[in-house]
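If you count by my numbering, then the sequence shown holds residues 195 to 316, one letter each, in order.
See structure below.
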Amino acid sequence: MKGYSRQRDFMFCEVCGTMMSIDSPGYLKCLHCISPRRIKGISRKKIGYTISAENLRRELGMSSLDDIEEERELKQMDYNAKCKSCHHMGMAYVARQIRSADEGQTIFYTCPICAHRQTENS
Numbered sequence: 195m196k197g198y199s200r201q202r203d204f205m206f207c208e209v210c211g212t213m214m215s216i217d218s219p220g221y222l223k224c225l226h227c228i229s230p231r232r233i234k235g236i237s238r239k240k241i242g243y244t245i246s247a248e249n250l251r252r253e254l255g256m257s258s259l260d261d262i263e264e265e266r267e268l269k270q271m272d273y274n275a276k277c278k279s280c281h282h283m284g285m286a287y288v289a290r291q292i293r294s295a296d297e298g299q300t301i302f303y304t305c306p307i308c309a310h311r312q313t314e315n316s
């Protein structure tokens, strides 16, 4: 297991685990315990990482696929709303509080026939 750890974590100090810094052309230096290490042992190694789409959405503050599915389930029908595109009576809607708390909600309508979207501030 120690060999695997060394292959994978070559940019980290073997003593304390802190990330190494390039101190001079031939040496790395630990920023925490000042332990030196020769660059020759790590030259030409690849650094890689993996990130999932869900982690990327979380980092960027975007809605996850679960949130989108949940929003589809929470849509209700307003049979008095008229689509501005195809003039169909009855639109699915979701109400969200996106402005300050003392202002009304924003209602997002979606036409079930032509999928036209429109908003209304209530």
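Think of the CB as a built atom: it goes at the ideal place given N, C-alpha and C, for glycine as much as any other residue.
Over the uninterrupted alpha helix (DSSP H) stretch that includes residue i, give me the two end residues.
i	result
L254	247 to 254
With a threshold of 6 Å on Cβ separation, who are the neighbours of residue i within its own chain once the five nearest residues in sequence on each side are excluded?
i	result
C227	V209, C210
Ignore the nearest five residues each way along the sequence and tell me which others in residue i's own chain have a CB closer than 8 Å to its CB.
i	result
A309	none
E234	Per the sequence shown, the amino acid found at residue 234 is Lys instead of Glu. So the qualifying residues of the chain are G220.
H282	K276, C305, P306, I307, C308
R231	C207, E208, M214, Y221, L222, K223, C224
Q201	Here the model assigns Q201 a pLDDT of 47, short of 50, so the residue's position is not dependable, and the following value carries that caveat. Nothing listed; no residue qualifies.
C280	C305, I307, C308, H310
Between which two residues does the beta strand (DSSP E) harbouring residue i extend?
i	result
M205	Premise fails: M205 is in no beta strand (DSSP E) and is neither H nor E.
L222	221 to 224
T313	311 to 315
M214	214 to 218
Is residue i close to the ligand HEM? I mean its beta-carbon at under 8 Å from any heavy atom of the ligand.
i	result
C227	Among the components of this structure there are no ligands whatsoever, and the ligand HEM is therefore not found.
Report the partner residues of residue i according to the DSSP bridge assignment.
i	result
K276	M283
A289	I301
A306	The sequence given here places Pro at residue 306; Ala does not occur at that position. For P306, which the question treats as bridged, DSSP gives no partner whatsoever.
R232	Y221
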